[in-house]
Amino acid sequence: MSIAESPPLTAEFLLTLPDDGIDRELVNGQLRERPMTRRNRFHSRAVARLSHLLETWATLSSSPDVEVYSGEVGCILQRAPDTAVGIDVAVFSAEVIARQTSETSMIEGAPLLAIEVLSPFDKIEDIHGKVDLYLNAGTSLVWIVDPYFQTVQVHRRNAAPETFNCEEAVEGGEVLPGLKLAVADVFGRPGK
């Protein structure tokens, strides 16, 4: 007797699951679950600072239209099989946002920039896995922000990662022209 494989799950199915303290995402149609991690104040502060800095840049820059989202924004990176994840902070092109409907609760399409802010309980293999998911889905830039070491690690397709500290700045390059953030600004004033 053989056991039939269950069909891949969809992002729509993911949205029907209860909000019960379990962190869920879909990777290639397979459900991944883990206990919800508690974010500490350093994580929350970094997400807030990044959102503010990116929104300010987007508002004041003359670069192409982008939209900034934060707070575990739901994102469908691919379809058939579906990959749907939450991203701490993301910058999407106006074209991706224009394709969404009024019923859309998860943004369908890869962001230009995906940012993950590390929490104390994050596992390195999970972080590397997310970087790979983003880059393979077409995201051009991935930043891994470490509040403990106050660094930003920048990942690009077909390039070695680069790490920047509080004496340096990260840039958007060709993806987000004109974007230049001092790493120290991401973490705020010392002692705050």
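Numbered according to this note's numbering, the sequence shown spans residues 251 to 442. Just so you know, even glycine gets a beta-carbon here, dropped at the ideal spot from N, CA and C. As the structure is a computational prediction, the values presented were derived from the model and not from experiment.
- Provide the residue(s) that pair with F342 in DSSP beta bridges, ordered along the chain. If you number the sequence shown from 1, residue 342 lands on position 92. DSSP, once it has assigned bridges, lists E317 as partnering F342.
- Task: Could you tell me whether the Cβ atoms of H302 and S369 are closer together than 8 Å?
- Result: Counting from 1 along the sequence shown, the entry for residue 302 is found at position 52. Counting from 1 along the sequence shown, the entry for residue 369 is found at position 119. No. Outside cutoff.
- Relative to the alpha-carbon of V335, which residue among P268, A419 and I357 has its alpha-carbon at the smallest distance? Working through the sequence shown from its first residue, we reach residue 335 at position 85. Among P268, A419 and I357, the Cα nearest to that of V335 is on I357.
- Task: Would you mind giving the Cβ-Cβ distance between R284 and D270, rounded to the nearest angstrom? I have them listed as a contact below 8 Å.
- Result: As a first step, residue 284 is located in the sequence shown; it is residue number 34 there, counting from the start. As a first step, residue 270 is located in the sequence shown; it is residue number 20 there, counting from the start. So it is not a contact: roughly 13 Å between Cβ atoms.
- Item | Where E275 sits in the DSSP three-state scheme | Here the question's residue 275 lines up with position 25 in the sequence shown. E275: strand per DSSP, three-state reduction.
- Taking all protein chains shown into account, decide if E353 is buried (16 or more other Cβ within 10 angstroms of its Cβ) or exposed. Numbered from 1 along the sequence shown, position 103 holds the residue referred to as residue 353. Under this definition E353 is an exposed residue.
- Tell me where the alpha helix (DSSP H) around D332 begins and ends. Position 82 of the sequence shown, counted from the start, is the residue given in the question as residue 332. Taken as a continuous stretch (DSSP letters only), D332 belongs to no alpha helix (DSSP H), as it is neither H nor E.
- Query: On the premise that T333 lies in contact with N278, defined as a C-beta separation below 8 Å, what is that separation, rounded to the nearest angstrom?
  - Reply: Working through the sequence shown from its first residue, we reach residue 278 at position 28. Working through the sequence shown from its first residue, we reach residue 333 at position 83. Indeed they touch by this definition, with Cβ atoms about 6 Å apart.
- Rank C325, F399 and A340 by C-alpha distance to the C-alpha of L391 and give the top, closest one. Within the sequence shown, residue 391 is the residue found at index 141, counting from 1. Of the candidates C325, F399 and A340, the residue whose Cα lies closest to the Cα of L391 is A340.
- Query: When DSSP labels each residue in this structure, what does G379 get in the three-state scheme?
  - Reply: Taking the sequence shown and counting its residues from 1, the one referred to as residue 379 is at position 129. If DSSP states are grouped into helix, strand and coil, G379 belongs with the helices.
- Item | K430, buried or exposed, once every other Cβ within 10 Å from all chains shown has been counted against 16 | By 1-based counting over the sequence shown, the position of residue 430 is 180. Label assigned to K430: exposed.
- Going by DSSP, what residues sit across from F414 in a beta bridge? The residue given as residue 414 occupies position 164 in the sequence shown. Partner(s): V402.
- Where I326 and I377 are concerned, what is the direct C-alpha to C-alpha distance, given to the nearest angstrom? Within the sequence shown, numbered from 1, the residue matching residue 326 stands at position 76. Within the sequence shown, numbered from 1, the residue matching residue 377 stands at position 127. When rounded, the distance between both Cα atoms is 18 Å.
- Label A364 either buried or exposed according to how many other C-beta atoms from any shown protein chain fall within 10 Å of its C-beta, with 16 as the threshold for buried. Position 114 of the sequence shown, counted from the start, is the residue given in the question as residue 364. Its Cβ being crowded by 16 or more others within 10 Å, A364 is buried.
- Since S355 contacts D338 with CB under 8 Å, what's their CB separation in whole angstroms? As a working mapping, residue 355 is identified with position 105 in the sequence shown. As a working mapping, residue 338 is identified with position 88 in the sequence shown. Between D338 and S355 the Cβ distance is about 18 Å, and since that is not below 8 Å, they are no contact.
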